[in-house]
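The next block holds one structure in the form of structure tokens; read it before the comments.
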Amino acid sequence: MEAFLSNRIRPDTDGTTRPFLLGCARRTVTNAGENAAMSTLEIHQIPTRVDNYVYLVRESSSGQAAVVDPSDAPPVFEALDTLGWTLTHVLATHHHNDHIGGVPEIKERTGCTVVGPRADRDRIPGIDIEVGDGDTYRLYEAEARVFDVPGHTRGHIAYWFPESKALFCGDTLFALGCGRVFEGTHEQMWNSISKFKPLPDETMVYCAHEYTQSNARFAVTVEPDNADLAAYAAEIDRKRAAGQRTVPSELGLERRTNPFLRADVPDFAAALGMEGSTPVEIFSEVRTRKDNF
Ligand code: ZN
Ligand code: FE
16 MEAFLSNRIR
26 PDTDGTTRPF
36 LLGCARRTVT
46 NAGENAAMST
56 LEIHQIPTRV
66 DNYVYLVRES
76 SSGQAAVVDP
86 SDAPPVFEAL
96 DTLGWTLTHV
106 LATHHHNDHI
116 GGVPEIKERT
126 GCTVVGPRAD
136 RDRIPGIDIE
146 VGDGDTYRLY
156 EAEARVFDVP
166 GHTRGHIAYW
176 FPESKALFCG
186 DTLFALGCGR
196 VFEGTHEQMW
206 NSISKFKPLP
216 DETMVYCAHE
226 YTQSNARFAV
236 TVEPDNADLA
246 AYAAEIDRKR
256 AAGQRTVPSE
266 LGLERRTNPF
276 LRADVPDFAA
286 ALGMEGSTPV
296 EIFSEVRTRK
306 DNF
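Position in the sequence shown (first residue = 1) + 15 = this note's numbering.
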């Protein structure tokens, strides 16, 4: 029980905690001058398997919840029981078993609606609503923009909830890393993670794995003189030593430190001795080094 309660708060970098309720003021004025309700997501993180993260999100206007990338059904039901939340939707990012393994049982027991990538409809059983690049998907009042992010798998998608500043990116972008490129090309993967670059700095990256410490060990070999990265890596070591999670992370910090997001940064090219190379060439070099690290 205590573990579940502590899941609902996020330690801030200054060591304080605050309620894990993301979002903004309840009402806003639209361009048309009308009042429109804004929707917030309350996000609950469930660690599963060795290093997976599954996310329960409760939408404020409806009080109903969705689960993102349920690797397994039992920990999802346990968390729902503890929180007293009702599940009505699954949001899937890609077809790997550690992201959709729980979908059949969850769908059977709850009758929920499964949202997933149009491009992977044949590899994800039970999709009810197919979404793809540029689509807006509404979970009740919470609006998500959908990105196609091929590379890790060819059908991978990401969900960005702007009002809640939350990006659910599966195995595309990790804290200080990115997913292995199993089905696409390095160029595709670079283009995919580049879609996240325009998002606001304060966007929280809810990736699907706790890989951060090993990613940090690699990142400091690529850009040893990056002071932000050195500080971030030290903070990660401190958190892991204390048994804390390092996910989610803030996109602004990732932009300054994550080697896979920095392939188009001149300082980063210089650190690699690759001045004059294209971002794709630099991304590819870093991805290959990481694969062999
Ligand atoms: Zn995967
Ligand atoms: Fe995975």
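Glycine residues also receive a C-beta, built at the ideal position from the N, C-alpha and C atoms.
In the structure shown, what three-state DSSP assignment does S77 receive? coil
Can you tell which of K210, V82, D148 and G141 has its C-alpha closest to the C-alpha of R73? V82
Which same chain residues, not among the five before or five after M219, have their C-beta less than 8 Å away from its C-beta? L37, K180, A181, L182, P263, S264, E265 and L266
Run the CB neighbour count on K212, radius 10 Å, all protein chains shown included, and call it buried at 16 or more, exposed below. exposed
Tell me whether G170, by its Cβ, gets closer than 7 Å to a heavy atom of the ligand ZN. no
What residue range is occupied by the uninterrupted alpha helix (DSSP H) comprising Q259? From DSSP, Q259 is part of no alpha helix (DSSP H); its letter is neither H nor E.
Would you mind reading off the limits of the beta strand (DSSP E) that contains T187? It is not in any beta strand (DSSP E) - T187 carries neither H nor E in the DSSP assignment.
Distance, Y221 Cα to H59 Cα: 11 Å
Taking all protein chains shown into account, decide if D149 is buried (16 or more other Cβ within 10 angstroms of its Cβ) or exposed. First, the residue type needs correcting, since residue 149 is Gly and not Asp in the sequence shown. Classification of G149: exposed, given that the 10 Å Cβ count is below 16.
Please enumerate, following chain order, all residues with a beta carbon closer than 6 Å to at least one heavy atom belonging to the ligand FE. H111, D113, H114, D186, A223 and H224
G141 and V118 - do their beta-carbons sit closer together than 8 Å? yes
Could you check which residue in L102, F92, S86 and L98 has the C-alpha nearest to that of T108? S86
D113 (DSSP reduced to helix, strand or coil): helix
Alpha carbon to alpha carbon, what distance is there between V105 and C184? 14 Å
Could you compute how far the alpha carbon of E120 sits from the alpha carbon of R153? 24 Å
Could you say if the stretch 279-288 and the stretch 222-233 meet the contact criterion of at least three C-beta pairs nearer than 8 Å? no
Beta-carbon proximity of H171 to V196, cut-off 8 Å: no
List, from N- to C-terminal side, the alpha helix (DSSP H) runs of 4 residues or more that fit wholly inside the stretch 81-150. 89-98, 112-115 and 118-125
For the candidate residues A246, T187, L56 and L244, whose alpha-carbon lies nearest to that of V164? T187
Counting only the same chain and skipping the five closest in sequence on each side, list residues whose C-beta sits under 6 Å from that of E202. V295
Give the DSSP bridge partners of H201, in chain order. DSSP, once it has assigned bridges, lists no residue as partnering H201.
Alpha carbon of S209 to alpha carbon of L276, nearest angstrom: 7 Å
In chain order, what residues of the same chain have a beta carbon less than 7 Å from the beta carbon of C127, not counting five sequence neighbours either side? L102, T103, H104, V105 and I121
For I139, which of Y155, G291, G116 and T125 has the nearest alpha-carbon? G116
The ligand ZN and H167: does the residue's C-beta get closer than 7 Å to at least one heavy atom of that ligand? yes
Under the DSSP definition of a beta bridge, which residues are partnered with M53? None, per the DSSP bridge assignment.
Residues near R270 by beta carbon distance below 8 Å, same chain, minus five either side: K212, D216, L276 and R277
Any non-hydrogen atom of the ligand ZN within 7 Å of H201 CB: no
Who does D163 pair with in a DSSP beta bridge? I172
Member of M53, N67, L71 and S54 whose CA lies at the smallest distance from the CA of R260: N67
Pull up the DSSP beta-bridge partners for I58, would you. V72
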